[in-house]
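Its first residue numbered 22, the sequence shown is counted upward by one per residue in this note's numbering.
Ideal Cβ positions, reconstructed from N, Cα and C, are used throughout, including at glycine.
Data block below; observations after.
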Amino acid sequence: MTTAKTIAVIGGGIAGLTTAYMLTKQTQCDVLLFEASSKTGGWLQSHSVDNRYVHEIGANGVIPTPHTTALLKHLEINLVPASASAKHRWIWIDDSLHVVPHGIRSLLCNDLLNKRTVFRMLLEPLFRKKPINHETIHTFLAYRFGNACAQRLIAPWVTGVFAGDSEQLEFEASFPLLFDIAQQGSLLLGMRKHKTKERLSAPQGGMGKITQHLTEQLGDRVKTNTEITQIHWDNMGNLTLNTHDNCIDPDVVVLAIPSYQAAPLLLQTDSTIAETMEEISHASLVVAYVSYRKEDVPEPIDGFGFLSTPKSSINILGVVYESILWDDRAPKDEIMFRCMLGGSNNPEIIDQDDDMIGKHVHQSLKTVLGITNPWVQFDCYRYPQAITQYSPGHLDRIALIENRLPDNIYLAGSSWHGVSVNACIKDGMQMASRIVENHC
Ligand SMILES: Cc1cc2nc3c(=O)[nH]c(=O)nc-3n(C[C@H](O)[C@H](O)[C@H](O)COP(=O)(O)OP(=O)(O)OC[C@H]3O[C@@H](n4cnc5c(N)ncnc54)[C@H](O)[C@@H]3O)c2cc1C
């Protein structure tokens with residue numbers, strides 16, 4: 022066991038910031054956080070547009086888990102709950118919107134899944150085969166709940182979380198809590214025990230407040246515009262980090278950056294690790310914010326929004342009724358939608374120009390919600406390699422990487438241990454505790 026003098030965290034997204042912040046709370050070591058861009062936050066940032074709109078880069082809210090609640094308490098950040106109607110969600114399928122059932126009662130009287138499908142779903146406690154490593158989400162959940170449920174409910178849900186394909190993602194890596202419940206027995210019964218009373222919430226002004234507060238708390242420990250270009254270690258575990266114009270010798274390193282950005286840093290020292298990191302794929306996304314005058318939206322709009330299915334008639338993954346959820350995100354006389362396009366099944370959309378993306382968005386909203394008049398405001402953001410896809414073998418790849426890394430280099434964040442904000446916060450907190458235990 023060594024005494025750490027300097028801990029270097031690479032990456033100023035929510036995972037890196039949480040790790041660095043928790044380290045400062047638990048140890049006297051020097052903590053430095055290196056961020057390549059001019060601003061911290063990674064995917065968790067909020068933009069004010071014309072002082073009228075708030076656009077989230079990534080997550081627009083969180084249903085807080087105990088780790089997230091604990092971090093926000095440290096930071097003295099209060100969450101504002103989304104509109105109570107947020108639990109109402111829809112799926113666009115068979116050319117109409119269908120309510121997503123959110124409990125047994127609504128399952129029995131829903132119009133998304135027919136009686137036969139619902140009956141098959143309710144038989145799930147009888148289908149108790151344990152999930153096998155590397156099974157896809159589709160394979161395992163179609164076995165438990167039936168094929169129709171997997172196609173009409175689970176596939177769009179996976180699109181909503183990962184912008185990915187339920188037939189291409191590993192069940193165990195993507196949904197570890199569900200995997201654990203399924204190991205023990207029925208998902209239907211087990212999930213009821215894990216039902217949370219927490220609601221979708223966000224800080225006033227947007228999720229970026231969390232990364233902003235963390236950055237303020239870390240003060241001059243945060244080095245922006247500082248890209249780490251190489252990580253080297255020798256047989257004695259001595260670490261060296263290179264930037265474009267400098268060289269640092271920390272005692273411990275936390276890699277809180279996406280796998281495709283981490284791989285080149287390690288290539289010279291361990292090509293097996295770098296190649297394994299390169300195997301982890303990411304889905305690209307386009308996020309378009311579009312705002313209409315209230316009177317131009319003919320259907321009464323309420324709830325969270327809708328998702329589409331992989332073979333949908335509209336060229337859009339899903340739409341969030343952003344200004345219905347949060348009343349501080351757009352002028353009161355407008356309705357602002359957040360539209361997601363692209364994902365792992367339609368990556369080329371990212372190369373289309375704003376006009377074309379605007380057409381997809383407007384056409385989809387016309388088809389689904391009957392909007393015909395032009396928008397008041399439109400912005401679109403292209404995110405290459407935005408969301409990590411935990412394809413079959415993900416956990417084995419992570420195990421291989423972690424086993425080969427020296428014991429003073431740690432991984433944190435969405436490429437490795439969970440993509441959600443909750444998962445990144447939990448990972449950052451746990452990583453900080455492990456480092457304190459092992460090195461401080
Ligand atoms: C459009 C979108 C919508 C989402 N919606 C939700 C949602 O509703 N709910 C939810 O829970 N999650 C959501 N997510 C996922 C979640 O926001 C992300 O998984 C999470 O924010 C990732 O955090 P991170 O710290 O792991 O990495 P990142 O945010 O990717 O941060 C990594 C940081 O490292 C920096 N960096 C990279 N290379 C280097 C280097 N060599 N040297 C120094 N710095 C470097 C980058 O500039 C970046 O700032 C969404 C994501 C996206 C893209």
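Using the beta-carbon count (16 or more within 10 Å), is S195 buried or exposed? Classification of S195: buried, given that the 10 Å Cβ count is 16 or more.
Against chain E, with Cβ distances strictly below 9 angstroms, would Q172 count as a contact? Although the question refers to chain E, the structure presented lacks it and comprises just one protein chain.
Taking only heavy atoms of ligand 1 into account, decide whether any of them is closer than 8 angstroms to the Cβ of Q451. no
So for R220, helix, strand or coil by DSSP? coil
Between which residues of its own chain and Q225 is the CB-CB distance below 8 angstroms, once the five residues before and five after are set aside? Here the set comprises N99, V101, D349.
Would you tell me roughly how many angstroms separate the C-alpha atoms of N263 and M452, rounded to the nearest one? 23 angstroms
Let me know the secondary structure DSSP gives N3 once reduced to three states. There is no way to answer for residue 3, as the model of the chain reaches only from 22 to 461.
Output the distance between the C-alpha atoms of S312 and P197, rounded to the nearest integer angstrom. 37 angstroms
Can you look up A433 in the DSSP assignment and give me helix, strand or coil? coil
Any non-hydrogen atom of ligand 1 within 8 angstroms of P413 CB: no
Assuming S187 and P85 make a contact with CB atoms under 8 angstroms, what is their CB distance in whole Å? The C-beta distance from S187 to P85 rounds to 26 angstroms, too long to fall under 8 angstroms, and the pair is not in contact.
For the alpha helix (DSSP H) that N263 lies in, which residues bound it at each end? First-last for N263: 260–263, but that is the beta strand (DSSP E), not the alpha helix (DSSP H).
Buried or exposed for P122, going by 16 or more other Cβ atoms inside 10 Å? buried
Close beta carbons around F325, own chain, < 6 angstroms, minus the five adjacent residues each side: A107, R110
Using a Cβ-Cβ cutoff of less than 6 angstroms, which residues in the same chain neighbour C445 once the five nearest sequence positions on both sides are dropped? Contacts found: I35, A36, G434, S435.
Give the single residue among T48, Q66, E248 whose Cα lies nearest to the Cα of G32. E248
For R126, which of V139, L118, L162 has the nearest alpha-carbon? V139
If contact is defined by three or more beta carbon pairs under 8 angstroms, each pair taking one atom from either stretch, is the region 266–274 in contact with the region 76–84? Taking 8 angstroms as the limit for Cβ pairs, the verdict is that the region 266–274 does not touch the region 76–84.
Just checking my contact of Q410 with F183 at CB under 8 angstroms: how many whole Å lie between their CB atoms? 6 angstroms
Rounded distance between the beta-carbons of I337 and L44, thought under 8 angstroms: With 8 angstroms as the limit, L44 and I337 do not qualify as a contact, their Cβ atoms being about 41 angstroms apart.
Helix, strand or coil at W64 according to DSSP, with G and I counted as helix: coil
Option in W113, I153, L147 with minimal Cα separation from D132: W113
Is M361 near ligand 1 - that is, is its Cβ less than 8 angstroms away from at least one heavy atom of it? yes
Any heavy atom of ligand 1 closer than 8 angstroms to the Cβ of P279? yes
Neighbourhood of V389 by C-beta, 7 angstroms cutoff - its chain only, sequence neighbours within 5 removed: The beta carbon of V389 lies closer than 7 angstroms to those of W113, L118, F327, I335 in the same chain, with the five residues before and after it left out.
Using a 10 Å radius around the Cβ and a threshold of 16 neighbouring Cβ atoms, would you call S58 buried or exposed? exposed
Pick out whichever of G363, A277, E423, I202 has its Cα sitting closest to the Cα of T297. E423
Proximity to K244 [Cα-Cα], best of T39, T48, L53, Q49: L53
Within 10 angstroms of its Cβ, does M22 collect 16 or more other Cβ (buried), or is it exposed? Summary for M22: the model assigns pLDDT 49, below 50, so the residue's position carries little reliability; its value from the coordinates is reported in the next sentence. M22 comes out exposed.
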